[in-house]
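Chemist:
Protein chains: 2
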Amino acid sequence: MAGRTKYLLDEADMPTRWYNIVPDLPEPPPPPLHPATREPVGPADLAPLFPQALIAQEVSGERYIDIPGEVLDVYGLWRPSPLFRARRLEQALGTPARIYYKYEGVSPVGSHKPNTAVPQAFYNAAEGVTRLTTETGAGQWGSALAFACATFGLDCEVWQVRASYDQKPYRKIMMETFGATVHPSPSDLTESGRKVLAVDPDSTGSLGIAISEAVEQAAADPSARYALGSVLNHVLLHQTVIGEEALQQFRLAEDTPDVIVGCTGGGSNFAGLMFPFLREKLAGRMSPEIRAVEPAACPTLTRGRYAYDFGDTAGLTPLLKMHTLGHEFIPAPIHAGGLRYHGMSPLLSHIYELGLLEAVAVPQQECFAAGVRFARAEGIIAAPEPTHALAVCIREALRCKETGEEKVILTALCGHAHLDLPAYQAYLSGQLVDNELSAETLAASLAGLP
Amino acid sequence: MAGRTKYLLDEADMPTRWYNIVPDLPEPPPPPLHPATREPVGPADLAPLFPQALIAQEVSGERYIDIPGEVLDVYGLWRPSPLFRARRLEQALGTPARIYYKYEGVSPVGSHKPNTAVPQAFYNAAEGVTRLTTETGAGQWGSALAFACATFGLDCEVWQVRASYDQKPYRKIMMETFGATVHPSPSDLTESGRKVLAVDPDSTGSLGIAISEAVEQAAADPSARYALGSVLNHVLLHQTVIGEEALQQFRLAEDTPDVIVGCTGGGSNFAGLMFPFLREKLAGRMSPEIRAVEPAACPTLTRGRYAYDFGDTAGLTPLLKMHTLGHEFIPAPIHAGGLRYHGMSPLLSHIYELGLLEAVAVPQQECFAAGVRFARAEGIIAAPEPTHALAVCIREALRCKETGEEKVILTALCGHAHLDLPAYQAYLSGQLVDNELSAETLAASLAGLP
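From first to last, the protein sequence lines stand for chains G and Z.
Following the numbering used here, the numbering of the first sequence begins with 1 at its first residue and continues without gaps.
Following the numbering used here, the numbering of the second sequence begins with 1 at its first residue and continues without gaps.
1) So is glycine 430/Z buried or exposed if we call it buried at 16+ other beta carbons inside 10 Å?
2) Taking 7 Å as the limit between beta carbons, can you name the residues of its chain near glutamate 191/G, skipping five residues before and five after?
3) On the three-pair Cβ rule with 8 Å, is the region 59-75 of chain G touching the region 109-121 of chain G?
4) Would valine 231/G and threonine 264/G qualify as a contact pair, given that the criterion is a beta-carbon distance under 8 Å?
5) Alanine 214/Z: which of Asp255/Z, Gly315/Z and Glu385/Z sits nearest, CA to CA?
6) Pairing CB atoms from the region 164-180 of chain Z with CB atoms from the region 138-146 of chain Z, are three or more of them under 8 Å?
7) Starting from proline 30/Z, trace the beta strand (DSSP E) both ways and give me its first and last residue.
8) For the structure I just gave you, are there three or more beta carbon pairs, one from the region 77-86 of chain G and one from the region 241-254 of chain G, closer than 8 Å?
9) Taking valine 106/Z as the query, report the chain G residues whose CB atoms sit under 8 Å from its CB, ordered along the chain.
10) Tell whether a beta-carbon distance below 8 Å holds between valine 22/G and proline 29/G.
11) Using 10 angstroms around the beta-carbon of serine 107/G, count the other beta-carbons present and answer buried if the total reaches 16, otherwise exposed.
12) Taking threonine 130/G as the query, report the chain Z residues whose CB atoms sit under 7 Å from its CB, ordered along the chain.
13) Specify the secondary structure class of glycine 371/G as computed by DSSP and reduced to three states.
14) Run the CB neighbour count on glutamate 39/Z, radius 10 Å, all protein chains shown included, and call it buried at 16 or more, exposed below.
15) Hey, quick one: how far does the beta strand (DSSP E) through isoleucine 260/G stretch, first residue to last?
16) How many Å lie between aspartate 13/G and leucine 449/Z at the Cα?
17) Alpha carbon to alpha carbon, how far is isoleucine 290/Z from proline 386/G? Give it in angstroms, no decimals.
18) Taking a cut of 9 Å between CB atoms, which residues from the region 370-389 of chain Z lie near chain G?
19) Go ahead and label leucine 398/Z buried or exposed: buried means 16 or more other beta carbons lie within 10 angstroms of its beta carbon, across all protein chains shown.
20) Decide if the region 156-167 of chain Z is in contact with the region 328-341 of chain Z; the criterion is three or more beta carbon pairs, one per stretch, under 8 Å apart.
21) Looking at the structure shown, is lysine 102/Z part of a helix, part of a strand, or coil, going by DSSP?
22) I want to see whether chain Z comes within less than 8 Å of aspartate 10/G, judged by CB atoms only; does it?
23) Might you give, ordered along the chain, the residues of its own chain that have their beta carbon closer than 6 Å to the beta carbon of threonine 16/Z, omitting 5 neighbours on each side?
24) Let's test the definition: count the other Cβ atoms within 10 Å of the Cβ of glycine 267/G and tell me whether it reaches 16, buried, or not, exposed.
25) Quick check: what's the CA-CA separation for phenylalanine 50/G versus glycine 404/G?
26) Is it buried or exposed, threonine 5/Z, if we count other Cβ atoms within 10 angstroms and call 16 or more buried?
27) Grouping DSSP H, G and I as helix and E and B as strand, with all else coil, what is aspartate 10/G?
28) For aspartate 258/Z and phenylalanine 368/Z, I'd like the C-alpha separation in whole angstroms.
29) Taking all protein chains shown into account, decide if threonine 151/Z is buried (16 or more other Cβ within 10 angstroms of its Cβ) or exposed.
30) Three or more C-beta pairs closer than 8 Å, one from the region 419-429 of chain G and one from the region 275-290 of chain G: is that the case here?
31) Please name the residues in the region 167-184 of chain Z whose beta-carbon is closer than 8 Å to at least one beta-carbon of chain G, in chain order.
32) Would you give the residue range spanned by the alpha helix (DSSP H) that histidine 238/Z belongs to?
33) Which partner residues does cysteine 156/Z have in the DSSP bridge list?
34) Residue range of the beta strand (DSSP E) that proline 450/Z falls in?
35) Measuring alpha carbon to alpha carbon, tell me which of Leu145/Z, Leu273/Z and Cys298/Z ends up nearest leucine 228/Z.
36) Using a Cβ cut-off of 9 Å, pull out every chain Z residue sitting near leucine 428/G, in sequence order please.
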């Protein structure tokens with residue numbers, strides 16, 4: 001045999017606590033502000049939207065937070081997830097680089113999203129909440145929350161960005177199979193949605209609009225709360241199980257990553273893999289380069305402004321200090337629905353500003369070319385989002401081929417494309433365009449910053 | 001925590017040989033016959049369709065056959081597959097039974113089919129074949145062969161049963177992503193297809209027709225061979241990696257199955273799980289009941305005749321002694337496309353005749369109800385085919401609830417439904433009917449036996 005293909009951990013080796021990077025950073029991230037007072041928001045401001053336990057995690061200064069047993073029980077359905085060595089891809093590329101991918105597609109909905117959906121549903125149920133509302137872009141997050149709500153007996157209502165709702169009809173069926181209710185966004189069920197439809201009845205929507213709709217509904221119902229699938233500190237916190245497992249798996253592989261690459265929409269998947277490695281780097285125990293990849297159609301880190309902005313389009317959320325394209329920005333309907341967000345996690349934005357993270361934007365055709373190449377070598381058809389990371393892995397591996405460097409590349413393969421296959425069909429039939437963001441559109445959108 | 005959820009094996013514990021049950025049976029199965037002479041077919045008769053290595057496996061009397069290293073390397077992309085204890089389902093049902101499922105949905109295409117597609121592509125490539133043709137029902141097999149052909153550099157051409165081609169458009173995209181060419185069947189590309197279309201231009205097709213088309217094409221091209229995804233001895237042989245792993249995993253669980261349940265279309269998935277356990281039973285080391293589940297719309301074992309019949313509709317294959325509904329039978333377009341086959345594996349049919357196997361037929365609505373129940377408890381949305389097995393598991397678990405028996409139930413969860421979600425949509429919206437086979441249709445079809 002050619003050598004080991006994957007590194008598995010036993011259920012007993014699953015991490016039992018989440019890692020909070022905040023206390024390990026040289027400076028704390030700027031706090032969210034109340035839009036009226038421009039003062040830092042307090043727990044009371046967030047109480048209509050989130051349960052107390054999650055608010056406490058959002059502002060926590062503790063380095064580690066224990067994972068409740070009820071959450072570990074559900075994690076056990078798919079965690080620990082495998083770490084793969086991409087030997088067949090390395091061979092196909094003829095590279096001396098060693099490529100590893102941490103694969104989250106083994107989860108019930110095929111992505112990393114249940115890592116946070118499950119604790120979010122758990123804490124809400126524990127505090128007596130009976131209904132959760134949320135938005136979803138590609139549908140990965142909505143499916144994850146639908147599954148988590150089925151697990152803890154909560155009602156689940158999802159606003160799915162219109163572009164994805166139309167492109168990915170199977171996502172809606174998955175959410176309904178888990179018992180959720182799904183609306184396309186913008187919808188006429190909310191004031192935020194109706195406002196958008198009044199201006200553009202054919203709006204393809206955006207994550208920002210869908211967030212407004214879900215937040216508006218939760219705020220109006222005392223037994224409901226809102227759940228967010230990325231961006232916030234507690235979401236990134238929950239995802240750190242990915243990186244904690246990967247660290248253990250690299251010990252099994254007796255190897256150390258030189259470059260860590262992941263796609264970033266709101267930032268939770270990449271942060272989840274990367275934070276535990278960044279902890280090791282900050283402590284001087286390893287020194288990987290860390291590289292975020294975003295779509296050229298929605299290049300938040302590489303072309304956005306680092307400023308206070310709303311997390312949603314209607315301006316219902318606190319102001320978040322983050323890299324943003326402007327909260328009214330509506331990205332082109334590229335197939336990586338999970339990367340179509342105008343902002344970036346404030347925590348990840350802060351880390352980028354600290355110089356601990358590089359970023360690069362890639363056009364979607366190169367990403368799908370990488371996805372097809374990867375599928376034919378490794379068998380897994382990657383979701384459109386992580387094809388962005390694969391494209392940059394392949395760039396790096398081919399660079400190593402030229403220089404002869406035996407670099408160790410680690411990437412976050414955060415999900416499969418089973419419900420996104422029409423995107424591959426569009427690529428294979430030559431119908432995709434790159435949709436790079438124009439300077440004019442960007443300038444107009446940034447002009448709307450609060 | 002509630003207790004262990006899954007039993008994983010290390011890559012190093014992957015079985016290195018396939019198990020051939022034939023030498024362990026009290027009587028050998030009846031041989032395939034040449035349709036003209038009614039004499040047993042020899043290797044020369046099969047040479048236009050299959051490579052020598054697979055013909056040798058088809059008639060082998062060896063108890064174990066070594067798995068080539070090149071095949072083990074590819075198996076390593078997803079094998080060993082996990083064995084799960086369905087604790088959450090047990091709890092939801094309130095049963096004292098312990099339910100285990102061996103999950104093959106972790107493979108590149110989401111089912112057990114790559115277990116045989118990979119060795120079939122390997123042996124063909126090793127003997128200089130450059131193109132493989134095949135049929136596919138639900139699309140699982142076509143996807144598996146497309147992936148396997150990409151791995152070993154073969155061209156792949158697939159005839160997909162029209163009913164599935166229309167119901168499951170994502171399957172075609174998956175096959176194309178792996179580089180295959182896909183035709184709906186019946187097609188006008190073959191004489192067999194044109195004959196069917198002349199009688200019924202709107203034919204929804206059948207596995208029997210699609211096999212005729214693929215066989216006809218392979219036989220006409222000296223550099224091509226045909227690949228079959230179930231039914232034949234060598235296919236069942238390759239699937240025994242499932243059961244060999246499950247035996248190891250039950251040792252880890254310190255448990256022993258009392259009932260083994262699986263769905264049967266051509267029979268390969270269930271045989272793959274069950275044969276190693278049947279070996280143990282025949283040797284007196286355990287004593288599980290073994291139960292095959294088939295759809296009420298295509299009830300081969302429970303209502304078919306045990307007779308020599310063609311494997312395909314046009315009568316191009318050897319005669320196989322099997323439980324059959326008649327080779328001209330066209331089943332109702334139920335959503336379990338993989339179970340819409342007029343015959344049954346001759347080896348499994350023989351084992352059924354020996355009294356070593358029970359069989360039961362289940363209507364599709366009960367199956368999807370079981371699938372939804374399972375999804376909400378375990379997170380996995382099962383393919384329509386294994387929901388048949390889940391329905392019977394749930395029947396058994398609820399019987400145990402009444403009697404208080406702590407039976408250990410093992411089932412073959414041979415794939416997920418990510419590309420079959422419209423079937424769940426049809427069920428959830430109340431559009432499914434049971435399509436039980438009528439006595440008149442059955443009698444008419446059996447009248448056409450050769």
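No residue lacks a Cβ here, since even glycine has one placed at the ideal position from N, Cα and C.
Modeler: Looking at the coordinates:
1) Label assigned to glycine 430/Z: exposed.
2) Counting only Cβ-Cβ distances below 7 Å, and skipping sequence neighbours, we find Glu216.
3) Pairwise C-beta distances place the region 59-75 of chain G in contact with the region 109-121 of chain G, as three or more of them are shorter than 8 Å.
4) Cβ distance not < 8 Å, so valine 231/G and threonine 264/G don't count as in contact.
5) For the residues Asp255/Z, Gly315/Z and Glu385/Z, the minimum Cα distance to alanine 214/Z belongs to Gly315/Z.
6) Of all C-beta pairs linking the region 164-180 of chain Z to the region 138-146 of chain Z, three or more are shorter than 8 Å, placing the two stretches in contact.
7) That residue, proline 30/Z, is in no beta strand (DSSP E); it is neither H nor E in DSSP.
8) Contact between the region 77-86 of chain G and the region 241-254 of chain G is present, because at least three Cβ pairs lie under 8 Å.
9) Going along chain G in sequence order, the residues near valine 106/Z (Cβ under 8 Å) are Val106.
10) The criterion of a C-beta distance shorter than 8 Å is satisfied by valine 22/G and proline 29/G.
11) Residue burial annotation: serine 107/G is buried, with at least 16 other C-beta atoms found within 10 angstroms of its C-beta.
12) Per Cβ cutoff of 7 Å: no residues; threonine 130/G is ~17 Å from chain Z at best.
13) When DSSP states are grouped into helix, strand and coil, glycine 371/G belongs to the helix group.
14) The residue in question, glutamate 39/Z, is exposed, as its Cβ has fewer than 16 Cβ neighbours within 10 Å.
15) That run of the beta strand (DSSP E) goes 259-263.
16) Aspartate 13/G and leucine 449/Z have their C-alpha atoms some 58 Å from each other.
17) In this structure, the CA atom of proline 386/G is about 43 Å from the CA atom of isoleucine 290/Z.
18) The residues in question are Gly371, Val372, Ala375, Arg376, Ala377, Glu378, Gly379, Ile380 and Ile381.
19) That one is exposed.
20) Taking one beta carbon from each stretch, the region 156-167 of chain Z and the region 328-341 of chain Z have 3 or more pairs nearer than 8 Å; the two touch.
21) Secondary structure at lysine 102/Z: strand, using DSSP grouped into helix, strand and coil.
22) With 8 Å as the cut-off, aspartate 10/G counts as an interface residue toward chain Z.
23) Here threonine 16/Z has Ile67 as same chain residues with Cβ atoms under 6 Å from its own Cβ, once five neighbours each way along the sequence are excluded.
24) Buried, since its Cβ has 16 or more Cβ neighbours within 10 Å.
25) Going by C-alpha positions, phenylalanine 50/G is about 51 Å away from glycine 404/G.
26) Buried, by the Cβ-count rule.
27) Coil at aspartate 10/G, not helix or strand.
28) If I take the Cα positions, the gap works out to 25 Å.
29) Looking at its Cβ environment, which holds 16 or more other Cβ atoms inside 10 Å, threonine 151/Z is buried.
30) The way I'd put it, the region 419-429 of chain G doesn't touch the region 275-290 of chain G; fewer than three beta-carbon pairs between them come closer than 8 Å.
31) Listed in sequence order: Tyr170, Ile173, Met174, Glu176, Thr177, Phe178 and Gly179.
32) Here the alpha helix (DSSP H) through histidine 238/Z covers 233-253.
33) Bridge partners of cysteine 156/Z: Leu132/Z.
34) Run containing proline 450/Z: none; DSSP gives neither H nor E here.
35) For the residues Leu145/Z, Leu273/Z and Cys298/Z, the minimum Cα distance to leucine 228/Z belongs to Leu145/Z.
36) Within chain Z, Ile173, Glu176 and Thr177 have C-beta atoms less than 9 Å from the C-beta of leucine 428/G, given in sequence order.
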